[in-house]
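As they're listed, the protein sequences go chains B and A. All residue numbers for the first sequence refer to the working numbering, where the first residue is 1 and numbers rise by one. All residue numbers for the second sequence refer to the working numbering, where the first residue is 200 and numbers rise by one. Heads up, the beta-carbon is just placed ideally off N, CA and C, and yes, glycines get one too. If you're wondering where the values come from, they're calculated on a predicted model, not measured in any experiment. Shown next, in structure tokens, is the structure this report addresses.
There are 2 protein chains.
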Amino acid sequence: MGNASAHETPPEPRKRDAAATAAAILEAARVVFGERGYDAAGTREIAERAQVNVALINRYFGSKEGLFAQAVPPTLDISPLLDGDMASFGERAASLFVGKVMQADYDPLVALVRSATSQDAAPLLRKALSTQVIAPLAERLDGANATERANLIVSHLAGFHLMANLLGTAEATQADLPALRAELAATLQALAETSPSVD
Amino acid sequence: MGNASAHETPPEPRKRDAAATAAAILEAARVVFGERGYDAAGTREIAERAQVNVALINRYFGSKEGLFAQAVPPTLDISPLLDGDMASFGERAASLFVGKVMQADYDPLVALVRSATSQDAAPLLRKALSTQVIAPLAERLDGANATERANLIVSHLAGFHLMANLLGTAEATQADLPALRAELAATLQALAETSPSVD
DNA sequence: ACGCTATGTCAACAAGTGATTACAAAAAAA
DNA sequence: TTTTTTTGTAATCACTTGTTGACATAGCGT
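This is the structure:
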């Protein structure tokens, strides 16, 4: 590729709009953090995706950690799962998780699971998770031990995602996907309904 | 600390025993991989813990990846959970996971969860997980969808571990630990027994 | 038109990574 | 003992990481 000297398009500099730039960085950060997890996500890759100079990340967000804090935790939200009759909660959640082909380029739960093992990111995820996910879910649960069951529901979903999508165990064990979905739905529904083991 | 020149103990070189050295590296690797996860674990830290020169890791195991492959996957084993009556499987598993203070300095499941998000380590964990964990577990399950239920049991345990120990959601949400344990036991037991949702 | 400040660019740094090489020396073989 | 092989050491490579400071300039207020 020897088009060295001649009429190169001199890469025209960015329009100067701090708000738009920060927003672009945030969006790119969500995608990359979601794809790679906190540790494996590089600031340079984020910057490139946002078509922004790397230094701007630190200018606008102080650090990679600051960027993550503003990008990912605010997106943790399960209200789509909570809208609707809780009698079909298990079915809804299972359908959402089993065999789904990732449509959007960013899924908060993926980002959560992929970054949960990072020592830098985990503390940032803790608070958001309990206040934005577990607490609202527990609110919708009747019966005893609502908080505990909410914890288990989220754990189960996170664990399922970890095993199915990251480790691919479902495919590796040649599991019957419809059957897996049914079992998952039943388990989640049991946790969502009044506890079976406590009076 | 000015003891520069005088009678420093010249660090006497290692006894030369290839087998013992490799074993020391393996043991140290398990601990460090378990504590940090694959990506965050450094070869230098492993070598230091094993009191071994870094280059020996590559000499004996070819690469960091080779070391991981020989160190962690072979230790994945749930036979302790499978020994005994399956009627109390849920109780046994729950007791093992809730509120336990890590006693041993290496727990295979911790290493699994902490490394599952690594793109390098995940492929190495897949096969071991399905053949050494899920398959034996499914073998012990009666009723329909044994493989699918085994997948869900392992997913649930991994997810619980992820949320409870890495993210600390149980403490963050001020969950009642005994109640949490009871709910977890009930859920696992339900999965271990004949499927409730399929005839 | 001016200057000033916010915004963006560029190059570099310090620290870390896994891996490799050349060499020293102990142990084994001759 | 002499030679050969195995084991361990030390230095360094090539590379990536997050971060920073010096510089350029667009665009606004005056």
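The DSSP-derived three-state label of residue 392 (chain A) is coil. The beta-carbon of residue 329 (chain A) is placed less than 8 angstroms from the nearest beta-carbon of chain B. Take residue 116 (chain B), set aside five residues on each side of it, and the residues of its chain with a beta-carbon closer than 8 angstroms to its own are 122, 125, 158, in chain order. When CB distances to chain A are screened at a threshold of 7 angstroms, the residues of the stretch 37–71 of chain B falling below it are 37, 39, 40, in chain order. In the DSSP assignment, residue 317 (chain A) falls outside any alpha helix (DSSP H) and carries neither an H nor an E.
Flagged as an interface residue toward chain B: residue 333 (chain A), by a C-beta distance shorter than 8 angstroms.
Taking C-beta atoms as the reference points, residue 76 (chain B) and residue 328 (chain A) fail to come closer than 8 angstroms.
Distance from the CA atom of residue 57 (chain B) to the CA atom of residue 110 (chain B), rounded to whole angstroms, is 23 angstroms. Between residue 113 (chain B) and residue 161 (chain B), the gap from beta carbon to beta carbon is short of 8 angstroms. Distance from the CA of residue 60 (chain B) to the CA of residue 185 (chain B), rounded to the nearest whole angstrom, comes to 43 angstroms.
Neighbourhood of residue 364 (chain A) in chain B, by CB distance below 9 angstroms: empty, with the nearest CB roughly 10 angstroms away. With contacts defined as CB atoms closer than 8 angstroms, residue 231 (chain A) and residue 243 (chain A) fail to qualify as a contacting pair. At least one beta carbon of chain A lies nearer than 8 angstroms to the beta carbon of residue 159 (chain B). For residue 313 (chain A), the nearest beta carbon of chain B is closer than 8 angstroms to its own beta carbon. When the Cα atoms are used, residue 265 (chain A) and residue 237 (chain A) turn out to be separated by approximately 12 angstroms. For residue 143 (chain B), the closest Cβ of chain A is not nearer than 8 angstroms. By the 16-neighbour rule on beta-carbons within 10 angstroms, residue 336 (chain A) is buried.
For residue 324 (chain A), the neighbours in chain B by C-beta distance under 7 angstroms run, in chain order, 167.
Residue 34 (chain B): member of the alpha helix (DSSP H) spanning 18–36, first to last residue.
Residue 164 (chain B) and residue 170 (chain B) have their alpha carbons spaced roughly 5 angstroms apart. DSSP places residue 256 (chain A) inside the alpha helix (DSSP H), whose first and last residues are 253–260. Residues of chain B with a Cβ closer than 7 angstroms to the Cβ of residue 378 (chain A) are, in chain order, 145, 148.
In its chain, beyond the 5 residues on either side, 293, 297 have a beta carbon closer than 6 angstroms to the beta carbon of residue 380 (chain A). With a cutoff of 8 angstroms on beta-carbon distance, residue 152 (chain B) and residue 392 (chain A) are scored as not near each other. Taking residue 36 (chain B) as reference, the option from B:72, B:134, B:54, B:172 with the minimal CA-CA separation is B:72. Beyond the five residues adjoining it in sequence on each side, residue 105 (chain B) comes within less than 6 angstroms, by CB distance, of 31 in the same chain, given in chain order. Proximity of residue 193 (chain B) to chain A, defined by a Cβ-Cβ separation below 8 angstroms, is not satisfied.
If you ignore the 5 residues before and after residue 127 (chain B), its C-beta comes within less than 8 angstroms of the C-beta of 73, all in its own chain and listed in chain order. For residue 354 (chain A), the closest Cβ of chain B is nearer than 8 angstroms. Our two residues, residue 387 (chain A) and residue 187 (chain B), have alpha carbons roughly 9 angstroms apart in a direct line.
For residue 147 (chain B) against residue 374 (chain A), the beta-carbon gap comes to about 5 angstroms, under 8 angstroms, which counts as contact. An exposed status is given to residue 96 (chain B), since fewer than 16 other beta-carbon atoms sit within 10 Å of its beta-carbon.
Residue 22 (chain B) counts as buried, since at least 16 other C-beta atoms from the protein chains shown sit within 10 angstroms of its C-beta.
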